[in-house]
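Asker: Residue numbers (full-length UniProt numbering): 1 to 345. All C-beta atoms in this analysis are idealised placements derived from N, C-alpha and C, irrespective of residue type, glycine included. The structure presented is a predicted model; accordingly, all values stated were derived computationally and were not measured. Got a structure here, written out as structure tokens. Questions coming.
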Ligand SMILES: Cc1cc2nc3c(=O)[nH]c(=O)nc-3n(C[C@H](O)[C@H](O)[C@H](O)COP(=O)(O)O)c2cc1C
């Protein structure tokens, strides 16, 4: 698959599946429901058309203080887009990806068109399996370091999506810790933001938000502070630390909505590759939510580009069970098949 998400069409290949295109599109959209999203808001909706799949953003007012520019929502939609692309590739379909295809309709984030048969891709199939097990584990990491080769593979997955991942050295991690604390203090004083957190952490039974089982019982004692969700959860944190964790900054050349979408695609690529390699990923988005600390983070990149998101990589504690899966919306709430329902979706 190319840097811009476009793929070479191989129209004479044997189809990997003889299921109709609209079924494959509907299934890819459903599979994309596994994607990570800010506060598990799942801010995307899919529309299945006879020969295309459209991705629209849903702008929830309960993210207005957390994400005033819509960058985290765009990252989340980009992650869902990457999931859908990989699901189609796994099923033996190639697609042309048009990002922000309609300048007059900024909520239409992507359209997948030009669908054609190709060989099913075994690597994509493995990543689809990873989608089903990938999750955010907010416990401290174990003492075992992440193998260097794994870090290289994760960075390559990011580069294949047109972004970069800069791993931070010890001094930079200490600076990141200071910046993350500053962002946390700014956010703690923002009452609208606290109300939004309260909303997203009390959504039991709705299929969105964060249930107590995925939030730590207490703040893990780490160098870089994790997000304070404003209430304790029920996930035991254990004695671990983040001494062996690797912190990376996902970054790119531009800081515009279409580059945020690509950042989300790159985040998904990194996270699925990490999952395949047994590496746990936790995004730390507070630092980029606050404009001042995002600017400081840009300084940490020393002119390399615009920071999109900080991620923590590490090996999860193998001795204790991790958190359960975070619930999701029903497929019918996010995938609209009404345009093809009379045919074969
Ligand atoms: C753009 C983005 C930002 C996120 N920021 C944070 C964060 O700051 N802290 C955190 O613990 N999790 C963060 N997450 C993880 C989400 O909370 C998580 O993906 C969501 O709750 C779904 O759970 P799952 O990843 O276990 O499927 C973020 C995810 C995305 C996509």
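1) Could you give the DSSP three-state label for residue 98: helix, strand or coil?
2) Measuring CB atoms only, is the region 107–115 touching the region 242–254, in the sense that at least three cross pairs come out at less than 8 Å?
3) In three-state DSSP terms, what is residue 168?
4) Should residue 133 be labelled buried (16 or more other beta-carbon atoms within 10 Å of its own) or exposed?
5) Give the list of continuous alpha helix (DSSP H) stretches no shorter than 4 residues that lie fully inside the region 302–336.
6) Would residue 248 and residue 315 be called neighbours here (beta carbons separated by less than 7 Å)?
7) Using the beta-carbon count (16 or more within 10 Å), is residue 85 buried or exposed?
8) Look up residue 108 in the DSSP assignment and say whether it is helix, strand or coil.
9) Taking the alpha carbon of residue 71 as the point to measure from, which residue in 94, 324 and 285 has its own alpha carbon closest?
10) In the DSSP output, which residue or residues are listed as bridge partners for residue 54?
11) Measure the C-alpha to C-alpha separation of residue 160 and residue 179 and round it to an integer number of angstroms.
12) Rounding to the nearest angstrom, what Cα-Cα distance links residue 205 and residue 36 in this structure?
13) Exposed or buried, what is residue 119 when buried is set at 16 or more other beta-carbons lying within 10 Å of its beta-carbon?
14) Using a Cβ-based criterion (distance less than 6 Å to any ligand heavy atom), does residue 75 qualify as near ligand 1?
15) Nearest chain B C-beta to residue 102 closer than 7 Å, yes or no?
16) Considering Cα atoms alone, identify which of 149, 227 and 331 is closest to residue 177.
17) Less than 8 Å between the CB atoms is what I'm expecting for residue 62 and residue 196, so what's the real figure, rounded?
18) Measure the CB-CB distance between residue 222 and residue 140 and report whether it falls below 7 Å.
19) Going along the chain, which residues of its own chain have a beta-carbon closer than 6 Å to the beta-carbon of residue 98, five neighbours each way excluded?
20) Under the assumption that residue 162 contacts residue 262 (Cβ atoms under 8 Å), give the Cβ distance between them as a whole number of angstroms.
Answerer: Well, looking at it:
1) For the purposes of this step, residue 98 is taken as residue 98 along the chain shown, with counting starting at 1. Strand at residue 98.
2) In short, these stretches do not touch, since the Cβ pair count stays below three.
3) Taking the chain shown and counting its residues from 1, the one referred to as residue 168 is at position 168. Coil, per DSSP.
4) As a working mapping, residue 133 is identified with position 133 in the chain shown. Exposed: under 16 other Cβ atoms inside 10 Å.
5) Qualifying alpha helix (DSSP H) stretches, in chain order: 331–334.
6) By one-based count along the chain shown, residue 248 stands at place 248. By one-based count along the chain shown, residue 315 stands at place 315. Going by C-beta atoms, residue 248 is not nearer than 7 Å to residue 315.
7) Locating residue 85 in the chain shown gives position 85, where the first residue counts as 1. Burial call: buried.
8) Against the chain shown, residue 108 aligns to sequence position 108. Three-state DSSP puts residue 108 in a strand.
9) As a position in the chain shown, residue 71 is number 71, starting the count at 1. Nearest C-alpha to residue 71: 285.
10) Here residue 54 corresponds to residue number 54 of the chain shown, with the count starting at 1. Residue 54 has 47 and 111 as its beta-bridge partners, per DSSP.
11) Within the chain shown, numbered from 1, the residue matching residue 160 stands at position 160. Within the chain shown, numbered from 1, the residue matching residue 179 stands at position 179. Cα to Cα, residue 160 sits roughly 29 Å from residue 179.
12) The residue given as residue 205 occupies position 205 in the chain shown. The residue given as residue 36 occupies position 36 in the chain shown. Distance between the alpha carbons of residue 205 and residue 36: 18 Å.
13) To locate residue 119, count along the chain shown from 1; it is residue 119. Exposed is the call here.
14) Along the chain shown, read from residue 1 onward, the residue named residue 75 stands at position 75. Residue 75 Cβ: within cutoff of ligand 1.
15) Note that chain B does not occur in the displayed structure, where there is just one protein chain.
16) The residue given as residue 177 occupies position 177 in the chain shown. With distances taken between Cα atoms, residue 177 lies closest to 227.
17) Along the chain shown, one-based indexing puts residue 62 at 62. Along the chain shown, one-based indexing puts residue 196 at 196. With 8 Å as the limit, residue 62 and residue 196 qualify as a contact, their Cβ atoms being about 5 Å apart.
18) Position 222 of the chain shown holds residue 222. Position 140 of the chain shown holds residue 140. The Cβ atoms of residue 222 and residue 140 sit closer than 7 Å to each other.
19) For the purposes of this step, residue 98 is taken as the residue at position 98 of the chain shown. For residue 98, where only same-chain residues beyond five positions count, the Cβ hits under 6 Å are 111.
20) Position 162 of the chain shown, counted from the first residue, corresponds to residue 162. Position 262 of the chain shown, counted from the first residue, corresponds to residue 262. Sure, about 5 Å apart at Cβ, within 8 Å.
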